[in-house]
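Residue numbers (the numbering used here): 2 to 186.
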């Protein structure tokens, strides 16, 4: 199987389909959700770098104004972005759910007659959407977005931390990745 087959299989995964649906449901909100996610993941590594610069300035007897301001800004952003991301994710989850419901409604009312409503696939899709919306099989999408974001923020933070460690020593990110993988598999 060539490279095209791997990309095809990757693109067919439910996760990629879900992320594509988010963008189709509300592109600006999905873009904001992704931007905040990446920023939340990169900020802890940025905080470590800023703190190192502050310690270096104290140790070197240099002015503390810029390093202290950077530490303050990064710290405040780390505190502010989590609730903002929660709100954006909640809205994006609601918009995505509404978009899916609109598609299901169109599938129900667009064809003439009622014979298509007896299609088992349509019935299964309608039942799955109902169960998801009512929280019968899991939390509604608006609530789930925070759980999805939390795991992805941790992954981005790990990659950013590994990049910072790579600047310190080439072997350090390998140890970090090994420790992380040992807790996840």
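The beta carbon of each residue, even a glycine, is placed where N, CA and C say it ideally should be.
Range covered by the alpha helix (DSSP H) that runs through residue i
i, result
"residue 134", "121-135"
"residue 23", "15-26"
Reduced DSSP secondary structure (H/G/I, E/B, other) of residue i
i, result
"residue 152", "helix"
"residue 64", "coil"
"residue 138", "coil"
"residue 115", "coil"
"residue 170", "coil"
Cβ-Cβ distance between residue i and residue j below 9 Å
i, j, result
"residue 90", "residue 143", "yes"
"residue 146", "residue 93", "yes"
"residue 164", "residue 46", "yes"
"residue 111", "residue 126", "no"
Validate contact between the region 155-174 and the region 81-97 using beta carbons, cut 8 Å, 3 pairs: no
The region 71-82 / the region 51-59 touching (three or more Cβ pairs under 8 Å): Touching, per the Cβ criterion.
Three-pair Cβ contact test at 8 Å for the region 75-90 versus the region 131-138: no
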